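Heads up, the thing below is written out as C-alpha cells.
2 protein chains.
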Amino acid sequence: MLDRIRIVLIGTSHPGNIGAAARAMRNMGLEDLALVTPRCDPRDQEAYSRASGANTLVDAARQFDALEAAVADRTLVVGASARSRHLPWPMVSPRALAEGLPQALASDGARIALVFGREDTGLTNAELQRCHQHVHIPTNPDFSSLNLAAAVQVLAYECRQAFLAIDETATPAANATTGEADQPFGVEWDNPPATHADLERFFVHLESTLTAIDFHDPDNPRQLMARLRRLFMRAHLDSMEMNILRGILGTIDKRLHDRS
Amino acid sequence: MLDRIRIVLIGTSHPGNIGAAARAMRNMGLEDLALVTPRCDPRDQEAYSRASGANTLVDAARQFDALEAAVADRTLVVGASARSRHLPWPMVSPRALAEGLPQALASDGARIALVFGREDTGLTNAELQRCHQHVHIPTNPDFSSLNLAAAVQVLAYECRQAFLAIDETATPAANATTGEADQPFGVEWDNPPATHADLERFFVHLESTLTAIDFHDPDNPRQLMARLRRLFMRAHLDSMEMNILRGILGTIDKRLHDRS
Numbered sequence: 077m078l079d080r081i082r083i084v085l086i087g088t089s090h091p092g093n094i095g096a097a098a099r100a101m102r103n104m105g106l107e108d109l110a111l112v113t114p115r116c117d118p119r120d121q122e123a124y125s126r127a128s129g130a131n132t133l134v135d136a137a138r139q140f141d142a143l144e145a146a147v148a149d150r151t152l153v154v155g156a157s158a159r160s161r162h163l164p165w166p167m168v169s170p171r172a173l174a175e176g177l178p179q180a181l182a183s184d185g186a187r188i189a190l191v192f193g194r195e196d197t198g199l200t201n202a203e204l205q206r207c208h209q210h211v212h213i214p215t216n217p218d219f220s221s222l223n224l225a226a227a228v229q230v231l232a233y234e235c236r237q238a239f240l241a242i243d244e245t246a247t248p249a250a251n252a253t254t255g256e257a258d259q260p261f262g263v264e265w266d267n268p269p270a271t272h273a274d275l276e277r278f279f280v281h282l283e284s285t286l287t288a289i290d291f292h293d294p295d296n297p298r299q300l301m302a303r304l305r306r307l308f309m310r311a312h313l314d315s316m317e318m319n320i321l322r323g324i325l326g327t328i329d330k331r332l333h334d335r336s
Numbered sequence: 077m078l079d080r081i082r083i084v085l086i087g088t089s090h091p092g093n094i095g096a097a098a099r100a101m102r103n104m105g106l107e108d109l110a111l112v113t114p115r116c117d118p119r120d121q122e123a124y125s126r127a128s129g130a131n132t133l134v135d136a137a138r139q140f141d142a143l144e145a146a147v148a149d150r151t152l153v154v155g156a157s158a159r160s161r162h163l164p165w166p167m168v169s170p171r172a173l174a175e176g177l178p179q180a181l182a183s184d185g186a187r188i189a190l191v192f193g194r195e196d197t198g199l200t201n202a203e204l205q206r207c208h209q210h211v212h213i214p215t216n217p218d219f220s221s222l223n224l225a226a227a228v229q230v231l232a233y234e235c236r237q238a239f240l241a242i243d244e245t246a247t248p249a250a251n252a253t254t255g256e257a258d259q260p261f262g263v264e265w266d267n268p269p270a271t272h273a274d275l276e277r278f279f280v281h282l283e284s285t286l287t288a289i290d291f292h293d294p295d296n297p298r299q300l301m302a303r304l305r306r307l308f309m310r311a312h313l314d315s316m317e318m319n320i321l322r323g324i325l326g327t328i329d330k331r332l333h334d335r336s
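Protein chains in written order, with my numbering: chain A, 77 to 336; chain B, 77 to 336.
Set out below in C-alpha cells:
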C-alpha cells in the first residue's frame, strides 16, 4: 500500500526541508518523492544532513517542471491546505484521509499523490484545483503554520497507521482485540501473570505480616486490606513480581522472629 | 487539557531540534517545554530560526539538572522509547496514549510529562524506569530513527487530535463513552493521584528498608528495584495508597530499630 503513495513537494525553498521530509517519509515507509520546480538545490549538503540516512530518497527524487507531470499517473491527488479558499473543495482530516486509503487503493491501478506547497505561500489556487480533495492538519488557530517537513511527517505517520491497521487484520487468526488481550501491557512481557490462587495466598501473607508488625489491626481493619487489594489487583502482578513480594514478606517475618 | 501536558527534552545536542520541537508544540497548542541538561545553547540562533515564531516557548523553556526535577509535580510520566529493553515496561502507541489523556487528566491535580531522550542515544534505562509507561512511535523497521522534533510533532499532533475529539463531544448531548473517559479507572476515584516526587521518595524509602532487612543488596542489585518500580508505577498509585505504603515501611523500620 505505502509504495503506491507519492509525496510531491512544490517550489521548496530550503534544502533542509527536502532532507527532513525524506527522512520522515522513510521513517514511515514511504519511498516515492517528487520535487516540482524546487527553489533550491535538492542535493545541497543541508538536505543530506537533515535526511540523516534517507539520502537514497533524496538522490532518487524525480524533478518535474509542473505539478501536472508529477501527478499524471495518479488516480487520487490530495493537496495539503492550511486555509479554506474562496471556492470550497472537498476537505478531509489526516485521519479520515488515512482511513480511506485502503479503499482508495483497492483497485490495482490506483496511485495516490500527497501534494505539499511552498514554505511561504503554500499551494496556489490553480494547484489546489488540480487536487481531488484537500487535507487540512488541525493546528492551533493562533499559530497555524506548520513546518513543511512536519506536515509531511504527520501525513506519513497517518498513512503508516492505516497501513499497520490493515496488517493487523490481514491474518485470519488475528484481530486487534486478540492482540491486545495477548499483551496486557502492549509489549511482550517477561513473565507469565500470577494466578488468582497466588494472589490470594499473597494477600493472606500480607495481612499476616502487617498484623505481626502492628501496622494492621484485624479487629479494627478499616479499609486497609481492601485498599491494598485494589492496588495490587489493578497492577496485574506477574509471577516474578509475586515471588519478590512474597520474598519481602518472608524476610520481614524472619527479622521479627530473629528479634523474639 | 493541553496546558497540563509538559514536553521534556533530555540532553538535546542540536539547538535546531529545540526550536523545531517548540514550533511543533505551539502548532498543536502545547506550551510547556522543559529542558534537562541540554548539550547545546537552547537560545542559539538556530533554535530561534527553526522555532519560526514559537520563540516565546524557547524563551520560556525551563532548564533542569535532572529528569527528576522536571517531572516532580507530574502524576503521569511517559517516556518516548524506540527500543524494547531488557525489562519490558508498559508500552502504548501514540494513539492509545492520546486517547487515554482525558482519563489520565480526569482529576484536578493530574499533570503529564512526555519525555524525549538524546538525538543519538535516547533515554537511559534509569530515565526509562522513572516513567509510568513508554510510548513507541511505529516506524519502518529498516529506518526507525525519528528526528527528535519529528517525534515531538507526532505526539503533539496526537494530543491535539484527542483534545479536538473531546471538544466535539463536550456538549450536553455527550454519551456514556464520555462519562467513562472522565474517570481514570472507569469510576469516580476517592483520592488524587500521587505525584512523581512522592513516588520517588517512596522508592528511596523502599530501597532503604529492603536493604535494612537484608532483602536487597545495593552492591548486587540485579533488577530488583527496576522490577518494583515497574510494578508500582504501572499501578498509578493514589495519594492514600502512597501514605499506606510509606506507613508500612516506617513501621518495619521502627520494628528493626526496636530490635537493635
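Cβ coordinates follow ideal geometry from the N, Cα and C atoms, glycine included.
Remember, it's a predicted structure, so these values are computed and weren't measured experimentally.
Looking at the C-beta of residue i, does it have a partner C-beta in chain A at a distance below 7 Å?
i                            : result
phenylalanine 291 of chain B : yes
glycine 87 of chain B        : no
methionine 167 of chain B    : yes
glutamate 256 of chain B     : Here glutamate 256 of chain B scores only 39 on pLDDT, less than 50, and its place in the model should not be relied on; the value that follows carries that caveat. For glutamate 256 of chain B, the answer is no, since every Cβ of chain A falls outside 7 Å of its Cβ.
valine 211 of chain B        : no
glycine 95 of chain B        : no
asparagine 319 of chain B    : no
phenylalanine 219 of chain B : yes
serine 311 of chain B        : The sequence shown places alanine at residue 311 of chain B, not serine. True, the Cβ-Cβ gap to chain A drops below 7 Å.
valine 230 of chain B        : yes
glycine 105 of chain B       : yes
aspartate 329 of chain B     : no
proline 164 of chain B       : yes
isoleucine 188 of chain B    : no
alanine 249 of chain B       : With a pLDDT of only 41 at alanine 249 of chain B, under 50, the local geometry of the prediction cannot be trusted, and no value is derived from it.
Closest to residue i by C-alpha separation, out of the options, would be which residue?
i                            : options                                   : result
arginine 236 of chain A      : B:Ala238, B:Asp290 and B:Pro217           : B:Pro217
aspartate 108 of chain B     : B:Ala270, B:Gly193 and B:Ala146           : B:Ala146
phenylalanine 308 of chain A : A:His292, A:Thr287 and A:Glu276           : A:Glu276
isoleucine 188 of chain B    : B:Gln139, B:Arg82 and B:Ala96             : B:Arg82
histidine 90 of chain B      : B:Pro164, B:Tyr124 and B:Gly185           : B:Tyr124
histidine 312 of chain B     : B:Ala270, B:Trp265, B:Leu321 and B:Arg322 : B:Ala270
methionine 104 of chain B    : A:Ala227, A:Asp295, A:Ile320 and A:Glu234 : A:Ala227
glutamate 317 of chain A     : B:Leu163, B:Val134 and B:Ser221           : B:Leu163
alanine 130 of chain B       : B:Phe291, B:Gly95, B:Gly185 and B:Asp196  : B:Gly95
proline 118 of chain A       : A:Leu106, A:Ser128, A:Ser315 and A:Val134 : A:Val134
glutamate 234 of chain A     : B:Ser169, B:Ile320, B:Phe278 and B:Ser221 : B:Ser169
glycine 185 of chain B       : B:Asp329, B:Asn319, B:His333 and B:Ser315 : B:Ser315
asparagine 223 of chain A    : B:Asp334, B:Ile320, B:Asn93 and B:Asp274  : B:Asn93
phenylalanine 80 of chain B  : B:Leu332, B:Arg171 and B:Gln179           : The amino acid at residue 80 of chain B is misidentified as phenylalanine; the sequence shows arginine. It is B:Gln179.
alanine 182 of chain A       : A:Arg331, A:Met301 and A:Ile242           : A:Ile242
alanine 238 of chain B       : B:Arg99, B:Glu175, B:Leu325 and B:Asp196  : B:Glu175
asparagine 267 of chain A    : B:Trp165, B:Arg150 and B:Arg126           : B:Trp165
phenylalanine 219 of chain B : A:Cys207, A:Gln121, A:Asp293 and A:Ala98  : A:Ala98
threonine 337 of chain A     : A:Met101, A:Asp196, A:Leu78 and A:Leu177  : Coverage of chain A is limited to positions 77 through 336, which leaves residue 337 of chain A absent and any answer about it impossible.
Could one say the Cβ of residue i lies closer than 7 Å to chain B's Cβ atoms, at least one of them?
i                            : result
glutamate 144 of chain A     : no
isoleucine 350 of chain A    : Past the boundaries of the shown model lies residue 350 of chain A; chain A is included only from 77 to 336, so the question cannot be answered.
leucine 240 of chain A       : yes
leucine 337 of chain A       : Given that chain A is displayed from residue 77 to residue 336, the structure contains no residue 337 of chain A and the question cannot be resolved.
phenylalanine 279 of chain A : no
aspartate 266 of chain A     : yes
arginine 102 of chain A      : yes
threonine 200 of chain A     : no
glycine 262 of chain A       : yes
asparagine 216 of chain A    : yes
threonine 197 of chain A     : no
alanine 156 of chain A       : no
leucine 307 of chain A       : yes
alanine 226 of chain A       : yes
alanine 252 of chain A       : Any reading at alanine 252 of chain A must be qualified, since the residue scores a pLDDT of 40, below 50, and its modelled position is unreliable; the value itself is stated next. Cβ-Cβ to chain B under 7 Å: no for alanine 252 of chain A.
3 or more residues per run - each beta strand (DSSP E) lying fully within the region 122-198 of chain A: 138-140, 152-156 and 188-192
Three or more C-beta pairs below 8 Å linking the region 151-170 of chain B and the region 190-197 of chain B: yes
Any beta strand (DSSP E) of 3 or more consecutive residues that is wholly inside the region 201-252 of chain B: 209-211
Against chain A: residues of the region 109-138 of chain B by CB proximity under 9 Å: Arg126, Ser128, Gly129 and Ala130
Segment contact, 8 Å Cβ cut-off, at least three pairs: the region 280-293 of chain B with the region 282-292 of chain A: no
At least three beta-carbon pairs within less than 8 Å, the region 113-122 of chain A to the region 131-146 of chain A: yes
Start-end ranges of the alpha helix (DSSP H) lying completely within the region 84-125 of chain B, minimum 4 residues: 91-103
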